[in-house]
Amino acid sequence: MLLRTVSAATAETTVGVINRNTFFDLFKRSTSLSHLTQTHAQIILHGFRNDIVLVTKLTQRLSDLGAIHYARDLFLSVERPDEFLCNVIMRGFSNNELHHSSLSVFAHLRKSTDLKPNSSTYTYAISAASGFRDERAGRAIHGQAVVGGFDSEDLINESCTRLDSTTLLNILPAVAELQELRLGMQIHSLATKTGCYSHVFVLTGFISVYSKCGKIELLSTLFREFRVPDVVAYNAMIHGYASNGETELSLRLFKELVLSGTRLLVS
0 MLLRTVSAAT AETTVGVINR NTFFDLFKRS TSLSHLTQTH AQIILHGFRN
50 DIVLVTKLTQ RLSDLGAIHY ARDLFLSVER PDEFLCNVIM RGFSNNELHH
100 SSLSVFAHLR KSTDLKPNSS TYTYAISAAS GFRDERAGRA IHGQAVVGGF
150 DSEDLINESC TRLDSTTLLN ILPAVAELQE LRLGMQIHSL ATKTGCYSHV
200 FVLTGFISVY SKCGKIELLS TLFREFRVPD VVAYNAMIHG YASNGETELS
250 LRLFKELVLS GTRLLVS
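No gaps in the numbering here: position 208 of the sequence shown is 207 in numbering that gives the first Met the number 0, and each next residue is one more.
So this is what it looks like as structure tokens:
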């Protein structure tokens, strides 16, 4: 179906009239990898192979559809990617659980190019370090961001521009690892206002943030927000209390978990 659309969009115009907007329109209509493959072929056919704006948009759409290896190959085909393309592929890698690849792009950008990371670059890098469970890397990247003129609030505000539960799930582990209590509370307020707060994994993420920051007096309030707390929520609470020296509360919750009949996770 899209092949006919592509043909119609290109055959009815001369080569001189075909421009980025022609392909942006096709991107909007593309709902599958097959569609994007056809659009990519038309981009090459009409001489837009090296248009960095189109390549960046195509990389983003491929990543969003889960075709991350195709997106990676497209990224690698660009001789001199700019910071926007680097940001897009870093985000794509992280969203597709390829956190190490995202960090590799960040390292290459800083060490092997003249490009300057922006707040989005640092945000994606910190999120990747968090997803990769590399606290040391997360702290190092945070330090580089501060040296580069970006403070923690810049990074969090960048992450919260389009706040949703997915954004929160990506950024909360980084906030917890960096023990940024003030920013965690700001995000908590934003999440409440935007309706993202009720997601069970988001609530669990806030429990981890406050636990890491030593604000254990807030944990019970968060825990009561769960309609029916699952084993992940219980584990976060138990770990939070135990890591802050509240062993009695930790044991009390464990007994409550056992008596509740909630199925335990066995590794």
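Just so it is clear, CB atoms sit at the ideal spot from N, CA and C, and this is done for glycine as well. A quick note: this is a predicted structure, and the numbers were derived from the prediction, not measured.
So residue i and residue j are supposed to be a Cβ contact under 8 Å. How far apart are they, rounded?
{"i": "Ala190", "j": "Val208", "result": "The Cβ separation is near 11 Å, so there is no contact."}
{"i": "Tyr123", "j": "Arg71", "result": "15 Å between Cβ atoms; not a contact."}
{"i": "Ala127", "j": "Ser101", "result": "4 Å"}
Just the Cα atoms here: how many angstroms apart are residue i and residue j?
{"i": "Gly130", "j": "His98", "result": "6 Å"}
{"i": "Glu82", "j": "Gly183", "result": "28 Å"}
{"i": "Pro80", "j": "Gln41", "result": "21 Å"}
{"i": "Lys226", "j": "Arg251", "result": "One point to set straight first is that residue 226 is Arg, not Lys, in the sequence displayed. Looking at the two C-alpha atoms, the distance is approximately 19 Å."}
{"i": "Ser93", "j": "His238", "result": "26 Å"}
{"i": "Lys192", "j": "Asn86", "result": "28 Å"}
{"i": "Ser249", "j": "Ala235", "result": "10 Å"}
{"i": "Glu78", "j": "Ser111", "result": "13 Å"}
{"i": "Ala139", "j": "Phe26", "result": "37 Å"}
{"i": "Ser219", "j": "Arg135", "result": "30 Å"}
{"i": "Ile170", "j": "Val16", "result": "43 Å"}
{"i": "Tyr121", "j": "Leu108", "result": "11 Å"}
{"i": "Arg28", "j": "Thr36", "result": "13 Å"}
{"i": "Asp113", "j": "His45", "result": "30 Å"}
{"i": "Lys254", "j": "Arg181", "result": "33 Å"}
{"i": "Ser76", "j": "Ala241", "result": "50 Å"}
{"i": "Val230", "j": "Gln185", "result": "27 Å"}
{"i": "Asp24", "j": "His68", "result": "24 Å"}
Let me know if residue i comes out buried or exposed under the rule of 16 or more other beta-carbons within 10 Å of its beta-carbon.
{"i": "Glu216", "result": "exposed"}
{"i": "Thr246", "result": "exposed"}
{"i": "Phe74", "result": "buried"}
{"i": "Glu179", "result": "buried"}
{"i": "Ile267", "result": "Any property of residue 267 remains undetermined from this structure, which presents the chain solely from 0 to 266."}
{"i": "Lys115", "result": "exposed"}
{"i": "Val265", "result": "Since pLDDT at Val265 reaches only 47, below the 50 mark, its modelled position is unreliable, and the value read off the structure follows with that caveat. By the 10 Å Cβ count, Val265 comes out exposed."}
{"i": "Thr269", "result": "A query on residue 269 cannot be resolved here, the shown segment of the chain reaching from 0 to 266 and no further."}
{"i": "Arg60", "result": "buried"}
{"i": "Ala144", "result": "buried"}
{"i": "Leu258", "result": "exposed"}
{"i": "Ile206", "result": "buried"}
{"i": "His141", "result": "buried"}
{"i": "His187", "result": "buried"}
{"i": "Arg132", "result": "exposed"}
Within this structure, are the beta carbons of residue i and residue j separated by less than 9 Å?
{"i": "His34", "j": "Leu57", "result": "no"}
{"i": "Gly204", "j": "Pro228", "result": "no"}
{"i": "Gly213", "j": "Asn243", "result": "yes"}
{"i": "Ile88", "j": "Val104", "result": "yes"}
{"i": "Ser210", "j": "Ala175", "result": "yes"}
{"i": "Asn95", "j": "Ser118", "result": "no"}
{"i": "Phe22", "j": "Leu53", "result": "yes"}
{"i": "Leu168", "j": "Gly137", "result": "no"}
{"i": "Thr55", "j": "Leu32", "result": "no"}
Between residue i and chain D, is the shortest Cβ-Cβ distance under 9 Å, so that the two count as touching?
{"i": "Ala40", "result": "The displayed structure is made up of one protein chain only, and chain D is not part of it."}
Fill in: Ordered list of alpha helix (DSSP H) runs contained in the stretch 209–264, each at least 4 residues
218–222, 230–242 and 246–259
Fill in: Complete runs of the alpha helix (DSSP H) confined to the stretch 164–209 [at least 4 residues]
164–177 and 180–193
Discussion item. For a minimum of 4 consecutive residues, which ranges assigned as the alpha helix (DSSP H) are wholly contained in the stretch 96–152?
Written reply: 98–111, 118–130 and 134–146
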